[in-house]
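Note sheet for the following structure.
Residue numbers (my numbering), protein chains in the order written: chain C, 298 to 824; chain W, 19 to 82.
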């Protein structure tokens, strides 16, 4: 059995009790409830020691469900579901759905047949692609025929790929049986409220039972369907992720209640995402001046939900036809024209062999993280609760391995004594364009990581180095190609030593801005 | 008595197509069209035309 390579003996023992544990976990109130020997704190960054083997098998190579996996494994979305059955005030259907994908951009719509061809082509080219999702551009379950035809064929033709879908939940209860039939063991539900009075400010209408329903009635129906659907999936052992769009002044504090309610119903992960509302996207919120949250506002709500359902902080709000690691988008390489010219061989053994290599890398990253945390436990004379943020430039494998000038996003880690925790990412405009640094881009990069004390990169030019220093952000390239957590904690140990020696004084940093308009991919950003 | 889709406003999302009780809607060149010979504006089927109720673009579907 190939799985034995990834799971320790202790986990195999736990595995027997896994199924009943999922149900117990749900009954006991969802995630992070510890119960006896096999504790079920199913943290998104958790490793095999933190969760039952059954769940670990489902998440270990799913980039959206495991923060650790997202450094190593890739996903793709196929845009076979253009129709939607509700209207959201943050969405303009001239473009893709903005909660599940990048606003302002239209995905190339595919038929199920085209979608299957594309998946096989990508799976051959990118063997670490382990997950296929249907996320729109409308709602997966408002297009049931196309969605399930795609899943049915993929289950036959690419049996090793994990299937998942995302939905607003309106039609979810009706399709739970179908979802289980195709072994879809990950479902994302977008839940922005658990109080219809809040919902009425977010959803102008829904299409329900052959009627357009508006106002409080619409929000009440949607809420009831979402809760029912979530409970049904939990009862069937399907892992669920709840996406919530943080809309300042409408549902910011309310999301703490949402977190509590979804945890109670067995949600595995909660992903709180910032509202994107540029006026040019033509959404209701965009046109009426409803702003999105700052980085600090987002983090405050996320932190307030800690201890509830586990939080996902590595979401990139990627588009409905995205391909690649979460921080990248290689969809341009797989357009219909290009796929037609490819010689596609779906080689299951080759994919497995490659993925075993990826798994070795990921285990190394995990081991380095554990070592670095232990090494950082010693008393160094600095107050134990000193924490700060650092930005990291990485192109995958969990390492500090990207040139500052090539970064289109930075990963943000919160460092405390012996702890390096991934807390999010920031998109930036590419600094380096065709070999020359663009000095006008630097202020926007500084704004995006202004709450960080340092930025860890593999390399950085002299000019941006000086300007970052002037802005109070320390550029660090001593840890090039090391694992992120080890590098960050090593730098942090040095920082604390400097504070202890009185060389520097620790001062808090300011807030940072969240770049509007989601990830655009390196090629487009450079154009 | 029939409805028509304003092609320049249609996003091609296909939401209307399966809702039509008369199977009068089909895709043509990326957007959707209504066959006026089949369209009854949903009279006898529903209180309101289904395509208008489900369409995400207000004003996209009008009386022909």
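Backbone N, C-alpha and C fix where the C-beta goes; we use that ideal spot for every residue, glycine too. All values reported here derive from a predicted model rather than from experimental measurement.
Kindly indicate which residue of W:80, W:71 and W:22 has the alpha-carbon position closest to the one of residue 45 (chain W). Per the Cα distances, W:22.
So the alpha helix (DSSP H) residue 584 (chain C) belongs to, where does it begin and stop? Boundaries of the alpha helix (DSSP H) harbouring residue 584 (chain C): 581 to 584, taken from the DSSP string.
Identify, in the order they occur along the chain, each residue of the same chain with its Cβ nearer than 7 Å to the Cβ of residue 498 (chain C), setting aside the five sequence neighbours on each side. The beta carbon of residue 498 (chain C) is closer than 7 Å to those of 547 in its chain, skipping five residues each way along the sequence.
Cα-Cα separation, residue 680 (chain C) to residue 749 (chain C): Cα to Cα, residue 680 (chain C) sits roughly 19 Å from residue 749 (chain C).
Cross-strand partners of residue 770 (chain C) (DSSP beta bridge): Residue 770 (chain C) has no beta-bridge partner at all, per DSSP.
Give the residues of chain W in contact with residue 507 (chain C), contact being defined as C-beta atoms less than 7 Å apart. Ordered by position in chain W, the residues that pass the 7 Å Cβ test against residue 507 (chain C) are 64 and 68.
Please name the residue in W:26, W:38, W:25 and W:27 whose C-alpha comes closest to that of residue 72 (chain W). Checked all of W:26, W:38, W:25 and W:27; the closest Cα to residue 72 (chain W) is W:38.
I want to verify the contact list: residues of chain W whose CB lies under 8 Å from the CB of residue 435 (chain C), in sequence order. The contacting residues are 31 and 33.
Starting from residue 510 (chain C) and walking both ways along the beta strand (DSSP E), at which residues does that stretch end? 508 to 511 is the span of the beta strand (DSSP E), which, as asked, contains residue 510 (chain C).
Between the Cα of residue 487 (chain C) and the Cα atoms of C:776, C:542, C:533 and C:725, which residue gives the shortest distance? When C-alpha distances from residue 487 (chain C) are compared across C:776, C:542, C:533 and C:725, the shortest belongs to C:542.
Considering only their Cβ atoms, is the gap separating residue 365 (chain C) from residue 663 (chain C) smaller than 8 Å? For residue 663 (chain C) and residue 365 (chain C), yes; Cβs fall inside 8 Å.
For residue 501 (chain C), decide whether its Cβ has a neighbour in chain W, counting only Cβ atoms nearer than 8 Å. No - not a single Cβ of chain W is within 8 Å of the one on residue 501 (chain C).
Does residue 439 (chain C) get closer than 8 Å to chain W when you measure Cβ to Cβ? Interface residue, yes.
Roughly how many whole angstroms lie between the Cα atoms of residue 746 (chain C) and residue 444 (chain C)? About 39 Å.
For chain C, is any of its Cβ atoms less than 8 Å away from the one on residue 25 (chain W)? It does not: the Cβ of residue 25 (chain W) has no partner Cβ on chain C nearer than 8 Å.
Indicate the three-state DSSP secondary structure (helix, strand or coil) for residue 434 (chain C) in the structure shown. If DSSP states are grouped into helix, strand and coil, residue 434 (chain C) belongs with the strands.
Using the three-state DSSP reduction, which class does residue 716 (chain C) fall into: helix, strand or coil? Note: residue 716 (chain C) maps to strand in three-state DSSP.
Going by DSSP in three states, residue 749 (chain C) sits in which element: helix, strand or coil? DSSP, read as helix, strand or coil, puts residue 749 (chain C) in strand.
Determine the chain W residues that contact residue 391 (chain C) at a beta-carbon separation under 7 Å, and present them in chain order. What residue 391 (chain C) touches in chain W, judged by beta-carbon distance under 7 Å, is 29, going in chain order.
Residues near residue 34 (chain W) by beta carbon distance below 8 Å, same chain, minus five either side: Cβ contact annotation for residue 34 (chain W) (same chain, cutoff 8 Å, sequence separation greater than five): 23, 43, 50, 68, 69, 72, 73 and 79, in chain order.
Report the rounded CA-to-CA distance for residue 379 (chain C) versus residue 468 (chain C), giving the unit in angstroms. Roughly 15 Å separates the two Cα atoms.
Determine, using beta-carbon pairs with one atom in the segment 668 to 680 of chain C and one in the segment 698 to 705 of chain C, whether at least three such pairs fall under 8 Å. In the pairwise beta carbon analysis, the segment 668 to 680 of chain C is classified as not touching the segment 698 to 705 of chain C: fewer than three pairs are separated by under 8 Å.
Chain W contacts made by the segment 362 to 390 of chain C, where a contact means CB separation under 8 Å: So the list reads 379, 380, 381, 382, 384 and 390, given in the order they occur along the chain.
Should residue 504 (chain C) be flagged as near chain W, meaning a C-beta pair shorter than 8 Å? For residue 504 (chain C), the answer is yes, since a Cβ of chain W falls inside 8 Å of its Cβ.
Output the boundary residues of the beta strand (DSSP E) element that contains residue 21 (chain W). Residue 21 (chain W) -> beta strand (DSSP E) spans 21 to 23.
Does residue 498 (chain C) come out as helix, strand or coil in the three-state DSSP assignment? In the structure shown, residue 498 (chain C) sits in coil (DSSP, three-state: anything other than H, G, I, E or B).
Select from C:702, C:721 and C:714 the residue whose C-alpha is nearest the C-alpha of residue 708 (chain C). When only C-alpha atoms are compared, the closest one is C:721.
State the beta-bridge partners of residue 708 (chain C) as determined by DSSP. Beta-bridge pairing links residue 708 (chain C) to C:689 and C:722.
Under 8 Å, Cβ to Cβ, is there at least one residue of chain C near residue 55 (chain W)? Chain C places no beta carbon closer than 8 Å to that of residue 55 (chain W), leaving this residue out of the contacts.
So that I know if they touch, is there some Cβ in chain W lying closer than 8 Å to that of residue 299 (chain C)? At residue 299 (chain C), the pLDDT of 33 sits below 50, so the modelled position is not reliable; the number obtained from the coordinates is stated separately. So, not an interface residue.
From what residue to what residue does the beta strand (DSSP E) around residue 46 (chain W) run? 43 to 46 is the extent of the beta strand (DSSP E) around residue 46 (chain W).
Where residue 253 (chain C) and residue 783 (chain C) are concerned, what is the direct C-alpha to C-alpha distance, given to the nearest angstrom? Nothing about residue 253 (chain C) can be read from this structure; chain C reaches only from 298 to 824.
Just the C-alpha distance for residue 753 (chain C) and residue 760 (chain C), rounded to the nearest angstrom, thanks. Distance between the alpha carbons of residue 753 (chain C) and residue 760 (chain C): 16 Å.
As an exercise, report each continuous beta strand (DSSP E) stretch of at least 3 residues that is fully enclosed by the segment 356 to 388 of chain C, in chain order. Qualifying beta strand (DSSP E) stretches, in chain order: 371 to 374.
Could you check the C-alpha separation between residue 450 (chain C) and residue 460 (chain C) for me, to the nearest Å? Each residue's Cα considered, the two are about 11 Å apart.
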